[in-house]
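Engineer: Supplied in structure tokens, the structure appears directly below.
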Amino acid sequence: MVARRSLTQIFAAPLVIAIVSTVGLISALVGDGWWDAVSWAALGLPVLLYLLFICRRRPN
Amino acid sequence: MTATTKSLRRWGAVHKWTSLICTLFMLLLCITGLPLIFHDEIDDLLHSSVKPAEAPAGTAPADLDHLLANALAQAPGKVPHFLIWDRDEPGTIWVSVGPTIDANPVNNLLIRMDTHTGTYLDSPDVTGRFTYIMLKLHTDMFAGLPGKLFLGLMGILFCVAIISGIVVYAPSMRKLRFGAYRAQRTRVVRWLDVHNLAGILLVAWTLVVGFTGVINTWADLVLKMWQFGQLAEMTAQYKDRPVASKLTSLNAAVEVARHAVPGMTPSFVAFPGTLFSSKSHYAVFLHGDTPLTSRLLKPALIDAEAGTLTDSRDMPWYMSTLYISQPLHFGDYGGMPLKIVWALLDILTIFILVTGVYLWMRRRRAGVSQERAIANAAAIDKPALTS
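Top to bottom, those sequences are chains F and W. Just add 1019 to the spot in the first sequence (first one is 1) and you have our numbering. Just add 28 to the spot in the second sequence (first one is 1) and you have our numbering.
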């Protein structure tokens, strides 16, 4: 448990992730090679974060 | 009750009902969509096909009229609707033939031809294939256009559920850090955390894939709009003519189109009288060569009796929107790694759906209204629910 959080605190991380995902969705459309790699990393990020948060064993 | 609580309860009700209505269909779409991401690989694995002859780079392609005649010899009594260059296998050209020119192309026979020798390869019956059954379930549940539009409606509900989900995420996270997963707690708490975490991490992807899916359900209608709009405009002077009967050389028509639209590559030809053309024209559709422009098609209309160019224009915005929404839905524009990421995101979406249904059932059983549980995050911590 943490102290009551403000909307900015709640939505800061989700907003960053949404922007990164959007960059990932677009970049592979723009070009090949590096553009594809950016896309894999950016869209892989939510999956990675999910696994990270679920697997870490730390009391909240 | 404060105005904020009231408004949150309303958002909670929107989230509950839009989700409940679409969940079953979204589960169907996520499960059938998973193998469809890899449909090429699955087809290669399950079905053998005749390989085109090895052709060193720079080998001239076969004359298209010769290729077409060879294809039609394999399908006596049928007429050609489309000639399609395979996107992934440059050695192959598909000829799509039907019983009559106005027959529904959905039931067409597909004949695979060798691009360089112009000879027949095979004509696989795809309708019994696993990927075909998945595709039909995914696009229209074997119910034609009504099925498609129905799934589109479910997709709209899904998008509304995501947006209302973002709103109700806030009260749920008032006292929790981002990414909180209370591993020591009971299942209902853990699954709430999974639902919130996966839901918020995937917001951009689920919205884009969901909404581009909705756009794809309108493809038939958008095509009709183009047919009666831009295509009719381009071929206005031909409007009262019957379907062209004595066709000029297909090969020459494609050459005229290539010349008219320099720098672009032919993608497919629609024969006169099909959905993609007028009654009097070969419509040669060309594409660019970047990942984006390779999806955007530009038609060149060739008078099928005179062999001359009638017109060539960029597609209107609604056709471009449809073409761009396809890769964004399929995830087929960034190689195998992107397909794998797409599949993982799809699996996480299934988690979101399943945990969502579970949370609704648990709260119903515990007698806590979903709206209240959502509006008042503390409700989840009450003893009745943590048993």
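Glycine included, every Cβ here is placed at the ideal spot set by N, Cα and C. Keep in mind that this is a model prediction, so the values were computed, not measured.
Roughly how many angstroms separate the alpha carbons of Thr-145 (chain W) and Val-312 (chain W), rounded to a whole number?
Structural biologist: So the alpha carbons of these two residues sit roughly 22 Å apart.
Engineer: Can you check whether the CB of Leu-350 (chain W) is closer than 7 Å to the CB of Val-426 (chain W)?
Structural biologist: Only positions 29 to 415 of chain W appear in the structure, and residue 426 (chain W) is not among them; the question remains open.
Engineer: Grab the span of the alpha helix (DSSP H) containing Leu-259 (chain W) for me, first residue to last.
Structural biologist: Looking at the DSSP string, Leu-259 (chain W) is not in any alpha helix (DSSP H), and its letter there is neither H nor E.
Engineer: Out of F:Gly-1043, F:Ala-1031, F:Thr-1027, which has the shortest C-alpha to C-alpha gap to Leu-1062 (chain F)?
Structural biologist: For the residues F:Gly-1043, F:Ala-1031, F:Thr-1027, the minimum Cα distance to Leu-1062 (chain F) belongs to F:Gly-1043.
Engineer: Across which residues does DSSP place Trp-122 (chain W) in a beta bridge pair?
Structural biologist: DSSP, once it has assigned bridges, lists W:Ile-112, W:Arg-140 as partnering Trp-122 (chain W).
Engineer: Suppose you measure from the CA of Met-54 (chain W) to the CA of Thr-318 (chain W); what does that come to, to the nearest Å?
Structural biologist: Cα to Cα, Met-54 (chain W) sits roughly 32 Å from Thr-318 (chain W).
Engineer: List, in order along the chain, the chain F residues whose C-beta lies closer than 7 Å to that of Pro-365 (chain W)?
Structural biologist: Result: Trp-1059.
Engineer: Identify, in the order they occur along the chain, each residue of the same chain with its Cβ nearer than 8 Å to the Cβ of Gly-238 (chain W), setting aside the five sequence neighbours on each side.
Structural biologist: Counting only Cβ-Cβ distances below 8 Å, and skipping sequence neighbours, we find Gly-183, Phe-186, Cys-187, Ile-190.
Engineer: Please name the residues in the region 1035–1064 of chain F whose beta-carbon is closer than 7 Å to at least one beta-carbon of chain W, in chain order.
Structural biologist: Listed by position, the residues of the region 1035–1064 of chain F near chain W (Cβ gap below 7 Å) are Ile-1036, Ala-1037, Ser-1040, Thr-1041, Leu-1044, Ala-1047, Leu-1048, Val-1049, Gly-1050, Asp-1051, Asp-1055, Ser-1058, Trp-1059, Leu-1062, Gly-1063.
Engineer: List the residues of chain F whose Cβ lies closer than 8 Å to the Cβ of Gly-384 (chain W), in chain order.
Structural biologist: Correct list: empty, because the minimum Cβ distance to chain F is about 16 Å.
Engineer: Can you tell me whether Asp-130 (chain W) is helix, strand or coil according to DSSP?
Structural biologist: If DSSP states are grouped into helix, strand and coil, Asp-130 (chain W) belongs with coil.
Engineer: Under 7 Å between the Cβ atoms of Leu-373 (chain W) and Thr-51 (chain W)?
Structural biologist: No.
Engineer: Would you say Leu-1067 (chain F) faces chain W, with C-beta separation under 7 Å as the test?
Structural biologist: No, because no Cβ of chain W sits closer than 7 Å to the Cβ of Leu-1067 (chain F).
Engineer: Thinking C-beta only, is Thr-1027 (chain F) closer than 7 Å to His-232 (chain W)?
Structural biologist: Residue 232 (chain W) is actually Ala in this sequence, not His. Their beta carbons are not under 7 Å apart, which means Ala-232 (chain W) does not touch Thr-1027 (chain F) by this criterion.
Engineer: Chain W beta carbons: is any one of them nearer than 7 Å to that of Thr-1027 (chain F)?
Structural biologist: Not one chain W Cβ lies under 7 Å of Thr-1027 (chain F).
Engineer: Under 7 Å, Cβ to Cβ, is there at least one residue of chain F near Met-347 (chain W)?
Structural biologist: False, the Cβ-Cβ gap to chain F never drops below 7 Å.
Engineer: For Arg-202 (chain W), which residues in chain F fall below 7 Å Cβ to Cβ?
Structural biologist: Chain F residues near Arg-202 (chain W): Arg-1023, Arg-1024.
Engineer: Between which two residues does the alpha helix (DSSP H) holding Val-297 (chain W) run?
Structural biologist: No alpha helix (DSSP H) contains Val-297 (chain W), which is instead part of the beta strand (DSSP E) from 293–298.
Engineer: Check Ala-1060 (chain F) in the structure and name its three-state DSSP category.
Structural biologist: Residue state, collapsed to three classes: helix.
Engineer: Could you tell me whether the Cβ atoms of His-315 (chain W) and Thr-336 (chain W) are closer together than 7 Å?
Structural biologist: Against a cut-off of 7 Å, the Cβ pair of Thr-336 (chain W) and His-315 (chain W) comes out as no contact.
Engineer: Give the straight-line distance between the Cα atoms of Leu-1067 (chain F) and Asp-1055 (chain F), rounded to the nearest whole angstrom.
Structural biologist: Between Leu-1067 (chain F) and Asp-1055 (chain F), the C-alpha separation is close to 18 Å.
Engineer: At a CB distance below 8 Å, what residues from the region 222–241 of chain W approach chain F? Give them in sequence order.
Structural biologist: Listed by position, the residues of the region 222–241 of chain W near chain F (Cβ gap below 8 Å) are Val-222, Leu-225, Ala-226, Ile-228, Leu-229, Leu-230, Val-231, Ala-232, Trp-233, Val-236.
Engineer: Give the DSSP-derived three-state secondary structure of Tyr-266 (chain W) in the structure shown.
Structural biologist: Reduced to three states, the DSSP call for Tyr-266 (chain W) is helix.
Engineer: Alpha carbon to alpha carbon, how far is Gly-180 (chain W) from Pro-1033 (chain F)? Give it in angstroms, no decimals.
Structural biologist: So the two alpha carbons sit approximately 27 Å from each other.
Engineer: So, for Ile-1036 (chain F): in the same chain, excluding its five sequence neighbours on each side, which residues have a beta-carbon less than 8 Å away from its beta-carbon?
Structural biologist: The residues are Leu-1064, Pro-1065, Leu-1068.
Engineer: Which of helix, strand or coil does DSSP assign to Tyr-148 (chain W)?
Structural biologist: Correct three-state label for Tyr-148 (chain W): strand.
Engineer: Compare the Cα-Cα distances from Gln-265 (chain W) to each of W:Gly-384, W:His-94, W:Ser-308 and report the closest residue.
Structural biologist: When only C-alpha atoms are compared, the closest one is W:Ser-308.
Engineer: Identify each residue in the region 48–61 of chain W for which the Cβ-Cβ distance to at least one residue of chain F is less than 8 Å, and report them in chain order.
Structural biologist: Flagged: no residues at all.
Engineer: Could you give the DSSP three-state label for Thr-32 (chain W): helix, strand or coil?
Structural biologist: Helix at Thr-32 (chain W).
Engineer: Just to check my reading of the structure: Thr-338 (chain W) and Phe-110 (chain W) have Cβ atoms closer than 8 Å, yes? What is that Cβ distance to the nearest angstrom?
Structural biologist: Not quite, the Cβ-Cβ distance comes to about 19 Å (not below 8 Å), so this is no contact.
Engineer: Taking only beta-carbon positions, decide if Val-369 (chain W) is within less than 7 Å of chain F.
Structural biologist: By this cut-off, Val-369 (chain W) is an interface position.
Engineer: Mark Trp-449 (chain W) as exposed unless 16 or more other C-beta atoms lie within 10 angstroms of its C-beta, in which case mark it buried.
Structural biologist: The requested residue 449 (chain W) is not part of the displayed model; chain W covers only 29 to 415.
Engineer: Does DSSP put Pro-365 (chain W) in a helix, in a strand, or in coil?
Structural biologist: Looking at Pro-365 (chain W) - three-state DSSP - the assignment turns out to be helix.
Engineer: Taking Cβ to Cβ, would you say Ile-330 (chain W) is nearer than 7 Å to Ala-281 (chain W)?
Structural biologist: Yes.
Engineer: Is the CB of Leu-372 (chain W) under 7 Å away from at least one CB in chain F?
Structural biologist: Yes, because at least one Cβ of chain F sits closer than 7 Å to the Cβ of Leu-372 (chain W).
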